[in-house]
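Report on one structure; see the data block that follows.
Residue numbers (this note's numbering): 3 to 82.
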């Protein structure tokens, strides 16, 4: 058996690990459909993420959009 300070440190460590486990558990519970979809169909949202990155890069080139319809038109012509 250790000193009381060692026991306190061990208790804090166990509690911290338990909080981490709860965080991971909640994440899995919230996203279980997406996780299962990956294993069943091997599909991810990588294409959507890539397209989102392209939109952000395109938007940053123009430093703000004043004419939304023109922005959407240019976006559709470049990435469609």
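Quick reminder that beta carbons are idealized off the backbone N, C-alpha and C, glycines included.
Out of curiosity, what's the CA-to-CA distance linking residue i and residue j?
i: residue 27; j: residue 39; result: 18 angstroms
i: residue 71; j: residue 31; result: 40 angstroms
i: residue 76; j: residue 58; result: 13 angstroms
i: residue 50; j: residue 25; result: 26 angstroms
i: residue 47; j: residue 68; result: 30 angstroms
For residue i, collect the residues of the same chain with a Cβ closer than 8 angstroms to its Cβ; drop the 5 residues on either side in sequence, then sort them by chain order.
i: residue 56; result: 81
i: residue 64; result: 73
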